[in-house]
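Chemist:
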Amino acid sequence: MKTKITFILGILSISTGVFLHYYLQNDAFDFFKGIAFGSGIGLLLTGPFLKRKHA
1 MKTKITFILG ILSISTGVFL HYYLQNDAFD FFKGIAFGSG IGLLLTGPFL
51 KRKHA
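Residue 43 in my numbering sits at position 43 of the sequence shown, with consecutive numbering throughout.
Here's what the structure looks like:
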């Protein structure tokens, strides 16, 4: 179950990075910043949920 959530988070972060890259029309560095930004948001959103589930 945990790997499934991680996989979905990875897809979300990559798609967020792609969206930000094309939205801002910038170079590859901003693409990776977008991925990091997206994964950070994903972790913030799912962190409390995962903690609640394990508790």
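Glycine included, C-beta positions come from ideal geometry on N, C-alpha and C.
Out of Y23, G40 and G47, which has the shortest C-alpha to C-alpha gap to S13?
Modeler: Comparing Cα positions, the closest option is G40.
Chemist: Do T46 and I5 have their beta-carbon atoms positioned less than 8 Å apart in this structure?
Modeler: Yes, they are a contact pair.
Chemist: Report, in whole angstroms, the separation of the C-beta atoms of T16 and F37, which I expect to be a contact under 8 Å.
Modeler: About 7 Å; that satisfies the 8 Å criterion.
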